[in-house]
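K.L.:
Protein chains in written order, with our numbering: chain A, 135 to 334; chain B, 135 to 334.
Think of the CB as a built atom: it goes at the ideal place given N, C-alpha and C, for glycine as much as any other residue.
Treat the numbers as computed from the prediction; the structure is a model and nothing was measured.
The structure follows.
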DNA sequence: ATCTCCGGGTGACAAGTGTCACCCAAGGGC
DNA sequence: GCCCTTGGGTGACACTTGTCACCCGGAGAT
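Shown next, in the form of structure tokens:
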């Protein structure tokens, strides 16, 4: 019997997946979590074989949870299950050593099969990921990311400078550099593009 | 037997809901669509009793579909099923005469019940909507919305002016007005806020 | 010990942004 | 006929943005 935890913030989808997986003879959903922090606690307590993990959840993202599980050398395997085929997310997930990365666009019947295959030591990845995203890695340095995040909140160059203890001019240099790395003409486009790719 | 169509772009959720609803004796899922245009065609062809409708879908949003069904005086009832409790969406849905508006955060078991109640002539609305959103109506005029949308794509005042056949100065007046209606300091914040509220 | 790279900084310029006061024409209401 | 609102416009001002050329000091490589 494979013991499963589900971490997913949309109650509807979470409940629906749990009901369906429970119908399978060899699968058992032992716990459900509605956010990342809860998921981590649940896995600690229940020691399931595998966890289906959404990425964008309140309190702690699925990627953070996966990273922390890796740190603690937890036995629980992780299958990321998300809407987004953002290259940045995928890259981070792989580095966190997850066993699977599936898109919510996959048909339901693939789900149980994927879980079984992962339990047999295989890796499961939705094909879109390999094509679309690989090798399109994050061109932004950590500092540039900091700047861009704040710009995304609508902060002005001066405000960003204050938040980051930099000078006003330096911030503008960073932004200028970001714009030409991303090949766009304004902060707004840069923020949109970076968010879209999961580069934050 | 209640005949149901499901319009939802996430295949996983769509499939899961279909399987679960089909387990109920009095419900039958007769069709599934992955985008708005497909949904409209499907409803035309199959004449189901009720349609579960996501909002943010490719090609045509669930709100557009609902509006067009109303225009054609279609018999099919509509239950909106979405992640977003955006006031603007809810308002539009009500105007389009939908019978239900549920959040994907609802537990699964509510779903079948909601469908039955709607078929009995009742209205079904997730409680969050009433509180959070009502009476927080869109403060933007149609023209202001046009301007803000383009600004959201990263267009400059001049570009927006050209797209809308306005003068550069007028565009800036609009933006200035938008900023103080929305009580924010920059276009970026304005775009974020408006998108978040569903005011587009 | 020198060289080069890198994070950070400066100053100047052109263009874009936000604000404000004010203008004009077309309707609507009365 | 008059008043008021509405959509659009102008011009000026101060500030912010984006770009560019160039400077500085510390760390690594050789």
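1. Output needed for residue 168 (chain B): all residues of its chain with C-beta closer than 6 Å, excluding positions within five of it in sequence on either side, in chain order.
2. Measuring CA to CA, which of A:274, A:288 and A:284 is closest to residue 300 (chain A)?
3. Along the chain, where does the beta strand (DSSP E) that runs through residue 138 (chain A) open and close?
4. Report back the beta-carbon spacing between residue 199 (chain A) and residue 170 (chain A) to the nearest angstrom; my notes put them in contact at under 8 Å.
5. Within a Cβ cutoff of 6 Å, which residues of the same chain sit near residue 278 (chain A), ignoring the five residues on either side of it in sequence?
6. Measuring only between beta-carbons, confirm whether residue 150 (chain A) sits less than 8 Å from chain B.
7. Counting only beta-carbon atoms, is residue 240 (chain A) nearer than 8 Å to chain B?
8. List, in order along the chain, the chain B residues whose C-beta lies closer than 7 Å to that of residue 319 (chain A)?
9. Smallest Cα separation from residue 212 (chain B): which of B:163, B:303 and B:139?
10. Just to make sure I have the definition right: I need the residues of chain B whose C-beta is within less than 7 Å of the C-beta of residue 323 (chain A). Which are they?
11. Please state whether DSSP places residue 318 (chain B) in a helix, a strand or coil.
12. Look up residue 166 (chain A) in the DSSP assignment and give the residues it is bridged to.
13. Any beta carbon from chain A within less than 8 Å of residue 216 (chain B)'s own beta carbon?
14. Hey, quick one: how far does the beta strand (DSSP E) through residue 263 (chain A) stretch, first residue to last?
15. Assuming residue 222 (chain B) contacts residue 332 (chain B) (C-beta within less than 8 Å), just tell me the rounded distance between them.
16. Using a Cβ-Cβ distance under 8 Å, would residue 145 (chain A) count as near chain B?
17. Relative to the ligand ATP, is the shortest distance from any of its heavy atoms to the C-beta of residue 232 (chain A) smaller than 7 Å?
18. In chain order, what residues of the same chain have a beta carbon less than 7 Å from the beta carbon of residue 165 (chain A), not counting five sequence neighbours either side?
19. Taking the DSSP output, what are the residues bridged to residue 234 (chain A)?
20. From which residue to which residue does the alpha helix (DSSP H) around residue 199 (chain A) run?
21. Using the beta-carbon of each residue, which ones in chain A are nearer than 7 Å to residue 153 (chain B)?
22. By a C-beta neighbour count over all protein chains shown, 10 Å radius and 16 as the cutoff for buried, is residue 256 (chain B) buried or exposed?
P.N.:
A quick look at the data gives this:
1. 143
2. A:284
3. 136 to 141
4. 5 Å
5. 308 and 312
6. yes
7. yes
8. Neighbours of residue 319 (chain A) in chain B, taken as residues at a C-beta separation under 7 Å, are given in chain order as 288.
9. B:139
10. 288
11. coil
12. Answer is A:140.
13. no
14. Note, residue 263 (chain A): premise wrong, no beta strand (DSSP E); not H, not E.
15. 3 Å
16. yes
17. As for the ligand ATP, it is missing from this structure, which has no ligand bound.
18. Excluding positions up to five away in sequence, the list reads 139, 176, 180 and 182.
19. Within the DSSP bridge table, the entry for residue 234 (chain A) names A:213 and A:258 as partners.
20. Annotation: the continuous alpha helix (DSSP H) that includes residue 199 (chain A) extends over 196 to 205.
21. Within 7 Å Cβ-Cβ: 154 and 242.
22. Under this definition residue 256 (chain B) is an exposed residue.
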